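Down below is the structure, laid out as structure tokens.
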Amino acid sequence: TMFRRSKVTGGTATGQVGIKKKSKVPGVMITQFIETLPEGKTHPDFTRKPIALTIQEGKFAFFKAIVTGDPKPTVTWSRNNGDVSDTSRYQTKYDPNSNEHTFEMPNVTPEQADTYKCFATNEFGQAMVTVVLNVIEVGYKKNKAQQQTAEATDGDFKKVLKRKSKIRPKSEPTEKKEGEIDPKFWELLLSADKKDYEKICSEFGVTDFRWMLKKLNEMKKEREEEQAAFIKSLSNLKPIQVNADGTASFEIDMDLLDPSSSIFLYKDGEMIPYTKELGDKMKHSLRRVGKKYIFSMRDLMPDDAGLYQLDVEDVNMFSTEFKIPMVDFLVKLQEVKAMEREDAVFECVLSNPFSRILWFGKNLPLEQGDKYDIEVSEDKLIHRLVVKDCMVVDKGIYSACAGIKSCNAWLVVEADKDAQKGKKSARKTTRAGGSGVDLQKIAQEQQAKLEKEREEINEQIKAAKEAAAAAPPPETPGAPAPTKAPAASKAAKDSLPSKIVPGITCGLSDIYALREKPAELNVKMNMDCDGSWFKDGEQLNSGHAVNIAKDGSSHKLTIKRCMDDDSGLYRFVSGEHSTQGKVTVGDVPEFDPDDLHKFSKPVVVRVGQNAAFKMPFAPQESLVVSWFKDGTEIKDGGGVKIVREPNHSRLLLRDCLRTDTGEIKIQLKNPFGAVEATSQLIVLDRPGPPEGPVETVETTSSIIEIKWNPPKDDGGSAVTNYIIERQQAGQALWAKLGDVSADRTSFRDRNVTHGKKYNYRIYAENPEGLSDALETADSIMAGIMILSGPPGAPKVVSASKTCINLTWTPPEDDRGVPIIGYQVEKRKKDTHQWIALNALNEPIEDVKYAVKDITEGTEYEFRVSAINESGSGDPSPPSAMVCAKNPNMRPHFKDPEDFIVVRAGNSARVKICYEAEPPPQITWLKDDEPISPWINIVNTEGMSQLVIPSSKRSDSGIYTIKAKNSVGEASFDIEVRVTDEPKTPGPVELEQTVYGKVVVSWAPSPDEELDDRLYYMVSQRDSNTRVWKTVADRLFAHTYTVNNILPGIEYHFRIYAKNDMGPSDPSQSPTWGANSNRASNGANSADVCFERPPSILVPLKVHTPPKGYQLFMTCAVRGCPTPSVSWYLNDVCINSDNNYYITNSFGVCSMYILRVRPKDGGEYKVVAVNSFGKAECSSKLIVRGKI
1 TMFRRSKVTG GTATGQVGIK KKSKVPGVMI TQFIETLPEG KTHPDFTRKP
51 IALTIQEGKF AFFKAIVTGD PKPTVTWSRN NGDVSDTSRY QTKYDPNSNE
101 HTFEMPNVTP EQADTYKCFA TNEFGQAMVT VVLNVIEVGY KKNKAQQQTA
151 EATDGDFKKV LKRKSKIRPK SEPTEKKEGE IDPKFWELLL SADKKDYEKI
201 CSEFGVTDFR WMLKKLNEMK KEREEEQAAF IKSLSNLKPI QVNADGTASF
251 EIDMDLLDPS SSIFLYKDGE MIPYTKELGD KMKHSLRRVG KKYIFSMRDL
301 MPDDAGLYQL DVEDVNMFST EFKIPMVDFL VKLQEVKAME REDAVFECVL
351 SNPFSRILWF GKNLPLEQGD KYDIEVSEDK LIHRLVVKDC MVVDKGIYSA
401 CAGIKSCNAW LVVEADKDAQ KGKKSARKTT RAGGSGVDLQ KIAQEQQAKL
451 EKEREEINEQ IKAAKEAAAA APPPETPGAP APTKAPAASK AAKDSLPSKI
501 VPGITCGLSD IYALREKPAE LNVKMNMDCD GSWFKDGEQL NSGHAVNIAK
551 DGSSHKLTIK RCMDDDSGLY RFVSGEHSTQ GKVTVGDVPE FDPDDLHKFS
601 KPVVVRVGQN AAFKMPFAPQ ESLVVSWFKD GTEIKDGGGV KIVREPNHSR
651 LLLRDCLRTD TGEIKIQLKN PFGAVEATSQ LIVLDRPGPP EGPVETVETT
701 SSIIEIKWNP PKDDGGSAVT NYIIERQQAG QALWAKLGDV SADRTSFRDR
751 NVTHGKKYNY RIYAENPEGL SDALETADSI MAGIMILSGP PGAPKVVSAS
801 KTCINLTWTP PEDDRGVPII GYQVEKRKKD THQWIALNAL NEPIEDVKYA
851 VKDITEGTEY EFRVSAINES GSGDPSPPSA MVCAKNPNMR PHFKDPEDFI
901 VVRAGNSARV KICYEAEPPP QITWLKDDEP ISPWINIVNT EGMSQLVIPS
951 SKRSDSGIYT IKAKNSVGEA SFDIEVRVTD EPKTPGPVEL EQTVYGKVVV
1001 SWAPSPDEEL DDRLYYMVSQ RDSNTRVWKT VADRLFAHTY TVNNILPGIE
1051 YHFRIYAKND MGPSDPSQSP TWGANSNRAS NGANSADVCF ERPPSILVPL
1101 KVHTPPKGYQ LFMTCAVRGC PTPSVSWYLN DVCINSDNNY YITNSFGVCS
1151 MYILRVRPKD GGEYKVVAVN SFGKAECSSK LIVRGKI
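At position 423 of the sequence shown (counting the first as 1) the number is 423 in the UniProt record's numbering, and the numbers step up by one without a gap.
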């Protein structure tokens, strides 16, 4: 073997040779310190390395590793960019039972995201492995974003990258402006195929395709430029869909420029954690195979529906929407038994119409074609899968999937026994299977139920429309939301009632019979009738070999003693009906006795070694070989290797652990039965720790005797002796006292000092090494305890509702033993229980203490005990009773606001915080008068809140809060102004009194009398600049003189009324200038007539939707007076048809069909009529995809 040698500076002495070794675990780097290892010694290695982890901020993160090596390696952890010495953030643990080393990070933070290293080192070498921790931040932290932006100036731009989706989470509501399109619409289009554009636009109500395509091309160009910074190519985008195993997944092919780039997953704009490891129990996983990235989601629930996005760093790569319809199976698939070359039918009935469900055969998706027919009834409730021309290879499990619901059943294909050997049998015209129930009836009942629910919804809509018609029209009426009105459809009549005729209810099947044992063949008819038995075409009669019996409708053929000649094809015939089955005679597999005896001998190995088992057997057909450990079947893979040869099988267990000890069993199984052989695997290891607890048998001033129990696990070898070590309490040094033989489980320590406390630990030893230690739970004192006298009674220094400060004097008599500290106890008034405030192993070193574990308003007394090496001494006399409350305080208001503006109609909330002791009485006044009873007052500790549920202008005023207690009183005034956006000022007049100046005057706003803070603003625009600019603001008069008016230029003015809520809509002035030097205030203008006949502004368009899809038809009509609009289908008026939802909003006429049916196709016409004439337009609807 060739090794690459190099001088290693870390982990080796100067000049020591470092030899790179290869580990069996990928990703582990091993350095061996010496060229030749001593016999039985090994360098460190990992049998289980830490797994990369992506976790949410604030969760519990940990890595686990298992290492081997002799001597036992020391395991340490580090990180690339930081220190791991802070024990509050990083904790290292070791479990001796499982041999697992754990590195824990409680309450993980984003700053801990890094690459971590795990080192295993002993005197012969070192093993090292790296692992990555990714931390998902929760929310967006403004301060941190500002800090990161500042750091970007130094060039460290990677830290500034924000992992933020463009789709806002549901937890962050955003105001959607009128006419604004949901960002989700563009994200879906950027990742969709062109054939899906129309469907997505229909869902989001986008009808301007030309504008959409233009904007989409611009967004695609920008997105591709962003993606080019991180990827070379992006292809094969497969949207999310449900798989046969109940999971959902989507796939993309992506070639990253930097393989270490971070990949993030979002659901509805919120980042979700995922794992990269197969077999992990996390809900979401992202697996990489070459350039293909596969996202999977398990344990599907209705809440899993939403928009899923995959980002590299901060750039979106793919978006797909997961829709979960609310549907269930009323009738599930049933097992189908079909003859070869016969068609097999699987049927199911859904609870809601579903245009297309997914079919799977043996975990593979099925499509309409030469082999399979997928049928859907007209009402979309009954779904069928027809497996045409069944062959034996078609048998297996077939499943149907609707949304996240699924059901499955077996297809059993029986070979055609009548076909001539070597020739293909003729194609059959019969069909096998079906649900066995009247699907048509069930579908009609469900359709009636859905129709009833639909009618109830329509009645609710009708009632809402009538209520809306009775109410005054709003200022800005919006189009009513479309309601579900699914088209009624006729169920397909697929089956006719059948007449009961004689037939076979339970036929023959293939059986395997043991040689020289009896066998039975049974047939059941649906009525009492005769039948005949045949074997290989020859009729059988009762005799010495077979017995034929009949009991009513049951027929039985018994083979008394099966021999090889009894194998063959048996057939039962009754009238025109027959059934057949094959009988095969054979034996159960057997082991050779010598091989069985050899296999039964135990296999003994050491920890870390390989264990091998081998069992020969006679070659046989249809023989299944299985291996078991402690009754559980083991499979090939990982540390297990199974070899199957025609005449033997081998089992190899690599790197055995002590826990691998157990029963190993091999099973041979054929159709006739199974046989098993058992062996034992014994893995030798060092023993487990002795069993505790350590008991104190005797303790005097000169002797301490302890005892323990033998270890539960001796490591496979008998324990030879026990080793005992001792440590004096308060010291760090452990010293070996001696050892005892394995038959003794006690030890007498004669070298002790009276009054001192000692800790002991015991090791068990066998030929494989030393166990972990058993340590005493508490220190053991030599001799009797010498306790201290009582300290002085505690005195109360100060008291509040959250803290009571105490002080005391040391004890007068410490009885010759130094005092370590004190223990404080408390007792509530009228109780007898004293509660310790600190543990004995956490003594209070000072003679004062702040008690914070108290309840406000409760009275307490306290006592103190002195602590020495023997324990807690006599308690002091109790302190005086003290109450946990604040000292009395006059009411005081904390930073109140003295002016609040509220929009009329909104709720007004005035929140005032205060401090006072005892709690004050709160009183509210309005303009020095008691407040109205419908105004709510909410008082809590330290805060009072006045709430006006729906404010009016009359609620404006000066509100006063008064707080009064036994110490004093305080008051504070708050001005509350309830107002609304002002109404538009009146007409504007212009007049020139002096050349170059124009006087602008206007009528006051109607709100001027209601709002004393209302004022006016004047804006001006001229024909030169054509830009509106403010020329006057905060005007309380109704006139304003504009200067610098030049001839030949047109001027326009707008007058706004403004108050605390903002400006009103403007009042426009007449045009000034150009053709007149003076505004014509009294000019007579001709009367304008707006009456006109109807006309079509935007005609109907041709639509060709697939069957089952929704459809919108729109056109625009105008006319004065407003014309009456009617819709026609093939010259038949459909205005009153509930299958069509028709609206007319200010001349925009819309017709909506929830699910298009074939009969909805035809010519649609819109006719608009008023007193001046008529206008009409028409279009065609072509329904695609008829089944």
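Ideal placement from N, C-alpha and C gives every residue a C-beta, glycine not left out.
Remember, predicted model here, so these are calculated numbers, not experimental data.
What does a CB cutoff of less than 6 angstroms around C803 pick up in its chain, not counting 5 residues either side in sequence?
The count along the sequence shown starts at 1 and reaches residue 803 at position 803. Only A850, K852 meet the Cβ criterion.
Can you tell me whether M781 is buried or exposed, with buried defined as 16 or more other CB within 10 angstroms of its CB?
Numbered from 1 along the sequence shown, position 781 holds the residue referred to as residue 781. Classification of M781: buried, given that the 10 Å Cβ count is 16 or more.
First and last residue of the uninterrupted beta strand (DSSP E) at K707:
In the sequence shown, counting from the first residue as 1, residue 707 sits at position 707. Taken as a continuous stretch (DSSP letters only), the beta strand (DSSP E) holding K707 covers 704 to 709.
Relative to the C-alpha of F972, which residue among D772, Y1015, S944 is closest?
Counted from its first residue, the sequence shown places residue 972 at position 972. Considering only alpha carbons, the answer is S944.
Short of 6 angstroms in beta carbon distance, which residues of its chain neighbour V938, apart from the five on each side in sequence? Order them along the chain.
In the sequence shown, residue 938 corresponds to position 938, counting from 1. Closer than 6 angstroms at Cβ, skipping near neighbours: Q945.
Alpha helix (DSSP H) segment containing H597, residue limits:
Numbered from 1 along the sequence shown, position 597 holds the residue referred to as residue 597. First-last of the alpha helix (DSSP H) with H597: 593 to 599.
Per DSSP, cross-strand counterpart(s) of C401
Residue mapping note: residue 401 aligns to position 401 of the sequence shown, counting from 1. L358, S406, per the DSSP bridge assignment.
Look at R761 and L774 and say whether their C-beta atoms are less than 8 angstroms apart.
For this step, residue 761 is matched to residue 761 along the sequence shown. For this step, residue 774 is matched to residue 774 along the sequence shown. Contact: yes.
Candidates G369, S235, I511: which alpha carbon is nearest E414's?
For the purposes of this step, residue 414 is identified with residue 414 of the sequence shown, where counting begins at 1. For E414, the nearest C-alpha among the options comes from I511.
Quick check on DSSP: helix, strand or coil for P1106?
Here residue 1106 refers to the residue found at position 1106 of the sequence shown. Strand.
Got a sec, what are the start and stop residues for the beta strand (DSSP E) S191 sits in?
Numbered from 1 along the sequence shown, position 191 holds the residue referred to as residue 191. Taken as a continuous stretch (DSSP letters only), S191 belongs to no beta strand (DSSP E), being part of the alpha helix (DSSP H) at 183 to 191.
I need the boundaries of the beta strand (DSSP E) containing N670, first residue and last residue.
In the sequence shown, the residue the question calls residue 670 occupies position 670. Note, N670: beta strand (DSSP E), 662 to 670.
Could you tell me how far apart the beta carbons of P1004 and S1067 are, in whole angstroms, since I believe they sit closer than 8 angstroms?
Taking the sequence shown and counting its residues from 1, one reaches residue 1004 at position 1004. Taking the sequence shown and counting its residues from 1, one reaches residue 1067 at position 1067. So it is not a contact: roughly 11 angstroms between Cβ atoms.
Report yes or no: do the stretch 703 to 720 and the stretch 618 to 625 share at least 3 C-beta pairs separated by less than 8 angstroms?
These segments do not touch.
So, with DSSP's three-state summary, where would you put K1186?
Residue 1186 sits at position 1186 when you count from the first residue of the sequence shown. Reliability fails at K1186, whose pLDDT of 49 lies under 50, so the model's placement of it is uncertain and the value that follows must be treated cautiously. For K1186, the secondary structure class from DSSP, reduced to helix, strand or coil, is coil.
Can you say whether A1168 is buried or exposed, counting buried as having 16 or more other CB atoms within 10 angstroms of its CB?
Residue 1168 sits at position 1168 when you count from the first residue of the sequence shown. Its Cβ being crowded by 16 or more others within 10 Å, A1168 is buried.
Between the Cα of F250 and those of H1052, S260, W924, P239, spot the shortest distance and give me the residue it belongs to.
Position 250 of the sequence shown, counted from the start, is the residue given in the question as residue 250. Ranking the options by Cα distance to F250, first place goes to P239.
Measure the C-alpha to C-alpha separation of P794 and P875 and round it to an integer number of angstroms.
Stepping through the sequence shown from its first residue, residue 794 is reached at position 794. Stepping through the sequence shown from its first residue, residue 875 is reached at position 875. Rounded to the nearest angstrom, the two C-alpha atoms are 11 angstroms apart.
Would you give the residue range spanned by the alpha helix (DSSP H) that C201 belongs to?
Taking the sequence shown and counting its residues from 1, the one referred to as residue 201 is at position 201. 197 to 204 is the span of the alpha helix (DSSP H), which, as asked, contains C201.
Quick one: Cα of T153 to Cα of C913, how far?
Reading the sequence shown from its first residue, position 153 is the one you call residue 153. Reading the sequence shown from its first residue, position 913 is the one you call residue 913. Bear in mind that the predicted position of T153 carries a pLDDT of just 37, short of 50, making it too unreliable to give a figure here.
Nearest-angstrom Cα distance between D245 and C401?
Here residue 245 corresponds to residue number 245 of the sequence shown, with the count starting at 1. Here residue 401 corresponds to residue number 401 of the sequence shown, with the count starting at 1. The C-alpha of C401 is placed about 10 angstroms away from the C-alpha of D245.
Give me the Cβ distance between V131 and P26, rounded to the nearest whole Å; I'm assuming they're in contact under 8 angstroms.
To locate residue 131, count along the sequence shown from 1; it is residue 131. To locate residue 26, count along the sequence shown from 1; it is residue 26. Actually they do not touch by this definition, with Cβ atoms about 13 angstroms apart.
Ranges of the beta strand (DSSP E) found wholly within the UniProt domain "Ig-like" (44 to 130), counting only runs of at least 3
Under the rule that a run must span 3 or more residues, the beta strand (DSSP E) segments found entirely inside the UniProt domain "Ig-like" (44 to 130) read 53 to 56, 61 to 70, 74 to 79, 91 to 95, 100 to 105, 114 to 122.
Ordered along the chain, which non-local residues of its own chain (more than five positions away) have a Cβ less than 7 angstroms from that of T753?
As a working note, residue 753 is residue 753 in the sequence shown. Excluding residues within five positions, the ones whose Cβ falls inside 7 angstroms are A782.
From V393 to R571, what distance separates their C-alpha atoms?
Counting from one through the sequence shown, the residue named residue 393 turns up at place 393. Counting from one through the sequence shown, the residue named residue 571 turns up at place 571. Roughly 24 angstroms separates the two Cα atoms.
Have a look at K283 and C407 and give me their C-alpha separation to the nearest angstrom.
Along the sequence shown, read from residue 1 onward, the residue named residue 283 stands at position 283. Along the sequence shown, read from residue 1 onward, the residue named residue 407 stands at position 407. For K283 and C407, the distance between alpha carbons rounds to 22 angstroms.
Would you kindly report the start and end of the unbroken alpha helix (DSSP H) that includes W627?
If you number the sequence shown from 1, residue 627 lands on position 627. Where W627 is concerned, there is no enclosing alpha helix (DSSP H), although the beta strand (DSSP E) it sits in stretches over 624 to 629.
Between which two residues does the alpha helix (DSSP H) holding Q227 run?
Position 227 of the sequence shown, counting from 1, holds the residue named residue 227. 209 to 227 is the extent of the alpha helix (DSSP H) around Q227.
Endpoints, beta strand (DSSP E) assigned at P589:
Position 589 of the sequence shown, counted from the start, is the residue given in the question as residue 589. For P589, no beta strand (DSSP E) encloses it, and the DSSP letter there is neither H nor E.
According to DSSP, simplified to helix, strand and coil, what is T1041?
Position 1041 of the sequence shown, counting from 1, holds the residue named residue 1041. Collapsing the DSSP output to three states places T1041 in a strand.
When DSSP labels each residue in this structure, what does R454 get in the three-state scheme?
As a first step, residue 454 must be located in the sequence shown, where it is residue number 454. Note: R454 maps to helix in three-state DSSP.
If we ignore side chains and look at the alpha-carbon of each, how far apart do T275 and V605 end up?
As a working note, residue 275 is residue 275 in the sequence shown. As a working note, residue 605 is residue 605 in the sequence shown. Approximately 36 angstroms between the Cα atoms of the pair.
Could you give the DSSP three-state label for V327: helix, strand or coil?
The count along the sequence shown starts at 1 and reaches residue 327 at position 327. DSSP places V327 in coil when its eight states are reduced to three.
Could you check whether F124 and I34 sit closer than 8 angstroms to each other, using their CB atoms as the reference points?
Here residue 34 refers to the residue found at position 34 when the sequence shown is read from its first residue. Here residue 124 refers to the residue found at position 124 when the sequence shown is read from its first residue. Yes, the Cβ-Cβ distance between I34 and F124 is below 8 angstroms.
For the pair the stretch 946 to 961 and the stretch 921 to 930, tell me if three or more CB-CB distances fall below 8 angstroms.
Yes: the two stretches touch, three or more of their Cβ pairs being nearer than 8 angstroms.
When the Cα atoms are used, what is the spatial distance from R210 to L990?
Mapped onto the sequence shown, residue 210 falls at position 210. Mapped onto the sequence shown, residue 990 falls at position 990. If you draw a straight line from the Cα of R210 to the Cα of L990, it is about 47 angstroms long.
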